[in-house]
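In terms of the working numbering, the sequence shown has 689 at position 352, counting the first letter as 1, and numbering is strictly consecutive.
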Amino acid sequence: MFKKGDLFEINIETLAYGGEGIGRLNGITVFVPDSVPGDYLKIEIVSVKKNYARGIIQEIIKPSEYRISPVCSLAKVCGGCQWLHIDYKEQLRAKKKIVEESLKKIANIDIPVHDVISSDCNLEYRCKIQFPVQQTKVSKRILAGYYKKGTHEIVNIKFCPIQPEIINQITQFTREKAQELNLTAYNEKTGKGLIRHLVYRYSQSHKNLLLIVVINSLDIPDKLKQLCKSVQDNFKEIAGVLVNFNTSGTNIIMSYKTELACGRDYIEENLEGKKFKISAGSFFQVNPAAAVKIFNEVHKIIKKRVENPTILDVYAGVGTFSIWLKDLAAKITAIEENSNAVSDVRENIKLNKSENDADIDILEGNADRVLQDLIEQTSNFDVTILDPPRKGCSDVAIDAVARLTNKFIIYVSCNPTTLARDIKLLMKSGFIPEYAQPIDMFCHTYHIESIVVLKRE
338 MFKKGDLFEI NIETLAYGGE GIGRLNGITV FVPDSVPGDY LKIEIVSVKK
388 NYARGIIQEI IKPSEYRISP VCSLAKVCGG CQWLHIDYKE QLRAKKKIVE
438 ESLKKIANID IPVHDVISSD CNLEYRCKIQ FPVQQTKVSK RILAGYYKKG
488 THEIVNIKFC PIQPEIINQI TQFTREKAQE LNLTAYNEKT GKGLIRHLVY
538 RYSQSHKNLL LIVVINSLDI PDKLKQLCKS VQDNFKEIAG VLVNFNTSGT
588 NIIMSYKTEL ACGRDYIEEN LEGKKFKISA GSFFQVNPAA AVKIFNEVHK
638 IIKKRVENPT ILDVYAGVGT FSIWLKDLAA KITAIEENSN AVSDVRENIK
688 LNKSENDADI DILEGNADRV LQDLIEQTSN FDVTILDPPR KGCSDVAIDA
738 VARLTNKFII YVSCNPTTLA RDIKLLMKSG FIPEYAQPID MFCHTYHIES
788 IVVLKRE
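Below, the structure written as structure tokens:
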């Protein structure tokens, strides 16, 4: 065994979910950040556990053929992207392997995992950005950006290649204006200070956006009103500026209370002729171009398997799946907890109304509770779409969906570990996974979107 401070030479074999490269020394797995499969490195051991160790690169003895120069000068310190130094095709291969390994190790299944469907655009693709805000101790300079890797120390972002350029400009202006107005930034250690986050919602189709300023207050100070108006006046791309009130001592970014400061409180995204209203607090995929591929893939899966199905859309968000599938369904029931998103669903149904559409019923409330209500009503559905948050589904939701679904479950996941966990539970309830189709929603990061089709036995 080895100890902290030891130096070794190592070959990097693969990439882990989490972004680090993996090599092996004397049979022990070693995780090395910023490494690439095929690298031959000199590393220093920085931590040793029972079954694994972690090292940092001291020297790249022989770089991998997949190692490239990152397009961002902050790639080595910023925690926003983990794989900007890796060739894009190799990123896709690594993501496929991560999905395969997660399903094998956690769900104990060996099903076909198709090649990852790439994103048409892998730069300036990200349409939801959340920047924490801090302030330097001495100069009181306002900082906004992503956290440094493994810390809560902010990298002051001036240019980010995965987000629209206009957001770089607005962030810089907002920092400078906030400092000019002597506004303070939130300190998570003391709980004092005003501005906590800058959150952006960007429309790729309309090239406009919402700016949400998250504050540690229950009302809007006059100087913050000045800031909001100044940002709106200086950028024609801003559809509206909102203020979100978050006085909690937690790491939750936005509360449920938001107030419009100026402009309007929503953007619209147009995808293949379909229109979607998106409010500040509603869920919508961060990469619209990749999202279209997911929607089309799910549409194709259902059309191939079931004629005129009844569909249950759990965790419906602003209704993207329901609206995408309404042309082939007999009826759709959508479940969504967020009241802003429910309002958006209702509006989006109106925006996309056409003849011969399936009826879409919207059930507002916690998914676990609503699913139980449906069981009590002896409801059943041909197909269920599951698109849960990163933490996956609760045991209650898994059990209920299994009882409510007659033919197929289509599970759309942004986390291969919770995906595999939930599939294991669905298998115990009588569903057989057929295959997985990963799609690259989060380019240059280790995050992976996957679709898994499960058939009732």
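Where a beta carbon is used, it is the ideal one built from N, C-alpha and C, also for glycine.
Contact annotation: the region 733 to 740 does not touch the region 656 to 675, with fewer than three C-beta pairs closer than 8 Å. The beta carbon of N363 sits closer than 7 Å to none of the beta carbons in its chain outside the five residues before and after it.
Of the candidates V679, K614, I454, S619, S619 places its Cα closest to the Cα of M591.
If you ignore the 5 residues before and after V679, its C-beta comes within less than 7 Å of the C-beta of E673, I699, E701, all in its own chain and listed in chain order. In summary, P498 is buried, with 16 or more beta-carbon neighbours lying within 10 Å of its beta-carbon over all protein chains present. Residue pairing from DSSP places D696 in a beta bridge opposite K668. Beta bridge pairing from DSSP links P753 with no other residue.
Taking a contact as a CB-CB distance under 8 Å, the pair Y403 and I423 counts as one, their CB atoms being some 6 Å apart. Nearest in C-alpha terms to S585, of all of E525, S456, G487, is E525. Here the alpha carbon of D452 sits roughly 9 Å from the alpha carbon of A773.
Per the C-alpha coordinates, the member of D556, L579, R533, L608 positioned closest to T587 is R533. A direct Cα-Cα distance of roughly 18 Å separates G600 from P558. In the DSSP assignment, T595 falls within the unbroken beta strand (DSSP E) covering 595 to 600. Selection V369, C409, I686, L791 evaluated against I615 yields I686 as nearest (Cα-Cα).
The beta carbon of S567 sits closer than 6 Å to the beta carbons of K514 from its chain, once the five residues preceding and following it are set aside; these are given in chain order.
When secondary structure is reduced to three states using DSSP, A515 falls in the helix class. Per DSSP, the continuous alpha helix (DSSP H) segment holding E427 begins and ends at 425 to 443. The region 406 to 421 makes no contact with the region 380 to 398: fewer than 3 CB pairs, one atom from each, lie closer than 8 Å.
Around the beta carbon of M338, a 10 Å sphere encloses fewer than 16 other beta carbons of the protein chains shown; the residue is thus reported as exposed. In this structure, C751 places its C-beta atom within 8 Å of the C-beta atom of H784. The C-alpha of E605 lies about 49 Å from the C-alpha of K386. With fewer than 16 other Cβ atoms inside 10 Å of its own Cβ, E644 counts as exposed.
By the Cβ test, the region 442 to 459 is not in contact with the region 406 to 415, since fewer than three Cβ pairs between them sit closer than 8 Å.
Only residues of its own chain outside the window of five on either side were considered, and among them F339, K341, D343, A390, G392 have a CB closer than 6 Å to the CB of I382, listed in chain order. By the C-beta criterion, the region 459 to 466 is judged to be in contact with the region 536 to 547, since at least 3 inter-stretch pairs fall below 8 Å. Just measuring C-alpha positions, the residue of Y354, P400, L352 sitting nearest E346 is P400. A Cβ-Cβ contact shorter than 8 Å links I776 with K630.
Taking a contact to require three or more Cβ pairs closer than 8 Å, the region 718 to 728 and the region 643 to 658 qualify as touching. In the three-state reduction of the DSSP assignment, Q395 falls in the strand class.
In this structure, the alpha-carbon of E502 lies about 20 Å from that of A617.
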